[in-house]
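Enquirer: Those letters in the sequence shown? Residues 23 to 219, per my numbering, in order.
Quick reminder that beta carbons are idealized off the backbone N, C-alpha and C, glycines included.
The structure under discussion is supplied below as structure tokens; questions concerning it will follow.
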Amino acid sequence: MTTDVLPAESRTARRITDWLEPKNWIIAVTLLVGWHTAGWTGVGWGVVGAFFAALVPLAFIKYGMRKGYVGDRHVGARTPRLVVMSLALLSVAAGIVLMALADAPRTMIALIVTMLVSLTILVLITFAWKISVHQAVSAGACAILIQTYGPWTALGFLLVVLVGWSRIALRDHTRNQVIAGTVLGTVLAATVFQMAR
Numbered sequence: 023m024t025t026d027v028l029p030a031e032s033r034t035a036r037r038i039t040d041w042l043e044p045k046n047w048i049i050a051v052t053l054l055v056g057w058h059t060a061g062w063t064g065v066g067w068g069v070v071g072a073f074f075a076a077l078v079p080l081a082f083i084k085y086g087m088r089k090g091y092v093g094d095r096h097v098g099a100r101t102p103r104l105v106v107m108s109l110a111l112l113s114v115a116a117g118i119v120l121m122a123l124a125d126a127p128r129t130m131i132a133l134i135v136t137m138l139v140s141l142t143i144l145v146l147i148t149f150a151w152k153i154s155v156h157q158a159v160s161a162g163a164c165a166i167l168i169q170t171y172g173p174w175t176a177l178g179f180l181l182v183v184l185v186g187w188s189r190i191a192l193r194d195h196t197r198n199q200v201i202a203g204t205v206l207g208t209v210l211a212a213t214v215f216q217m218a219r
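Structural data, given as structure tokens:
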């Protein structure tokens with residue numbers, strides 16, 4: 023169904039879901055943490071992290087859509103979602119190895135390790151239940167930015183709330199799946215990032 027025939031509320035929800043999808047949060051947080059860590063050099067490492075954690079998984083999704091294995095860019099069906107998430111795990115792990123071998127800043131490696139741990143837990147949960155990855159990623163990104171830039175970045179959670187509303191409004195997730203994704207993403211990211219850096 024195209025956005026042209028959706029009610030106004032659903033069109034708004036679709037735009038929010040698309041604009042604030044996990045890929046965009048991952049790109050933003052890797053670049054912002056990179057800048058804070060080591061200026062332009064850190065941004066370069068952020069690009070490397072974003073490549074393995076966001077762009078390669080996006081390529082898997084687009085390939086799956088072209089071949090008909092994946093129905094939509096947000097991978098709503100469970101089996102394709104598990105396949106894409108598993109391939110994303112391999113990509114993120116490869117990124118960590120490359121960054122470690124190339125002597126990337128510890129904070130940048132910690133960031134990508136946090137993504138790997140979070141994604142692993144999300145994959146395990148997805149075998150049984152469709153937890154919101156949108157929420158886990160957006161809330162996790164905010165938790166990391168709070169540790170990096172300070173409490174004022176908690177304002178980012180206003181965007182997380184908007185993402186949650188959009189996922190429920192589009193009936194892609196239930197309220198409980200959205201709440202669980204938010205809580206899990208926040209706790210995992212805050213804990214793992216703090217321990218790893």
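1. Under 8 Å between the Cβ atoms of Leu210 and Ile118?
2. Is the CB-CB distance between Thr39 and His96 below 8 Å?
3. Do the region 52-66 and the region 123-130 make contact, defined as three or more Cβ pairs closer than 8 Å?
4. Going by the beta-carbon positions, is the gap between Leu206 and Ala158 smaller than 8 Å?
5. Got a sec? Which residues, its chain only, sit under 7 Å from Trp47 by beta carbon, not counting five neighbours each side?
6. Do the region 79-88 and the region 98-109 touch if we need at least three Cβ pairs shorter than 8 Å?
7. Is the separation between the beta-carbon of Arg114 and that of Leu133 shorter than 8 Å?
8. Helix, strand or coil, according to DSSP, for Pro173 in the structure here?
9. Should Trp67 go down as buried or exposed, given a rule of 16 or more other Cβ atoms within 10 Å for buried?
10. Just to check my reading of the structure: Gly90 and Pro102 have Cβ atoms closer than 8 Å, yes? What is that Cβ distance to the nearest angstrom?
11. Would Val65 pass as a contact of Leu53 if the rule is Cβ separation under 8 Å?
Expert: Reading it off the structure:
1. In this structure, Ile118 does not lie closer than 8 Å to Leu210 by Cβ.
2. Their beta carbons are under 8 Å apart, which means Thr39 touches His96 by this criterion.
3. At 8 Å Cβ cutoff, the stretches touch.
4. In contact: Leu206 and Ala158 (Cβ atoms closer than 8 Å).
5. So the list reads Val159, Ser160 and Ala163, once near-sequence residues are dropped.
6. As far as the Cβ criterion goes, the region 79-88 touches the region 98-109, which means the pair count is three or higher.
7. Note on identity: in this sequence residue 114 is Val, with Arg being the wrong assignment. No; because the gap between Cβ atoms is not below 8 Å, this pair is not in contact.
8. When DSSP states are grouped into helix, strand and coil, Pro173 belongs to the helix group.
9. Answer is buried; the Cβ neighbour count reaches 16.
10. 10 Å between Cβ atoms; not a contact.
11. Contact flag set, yes.
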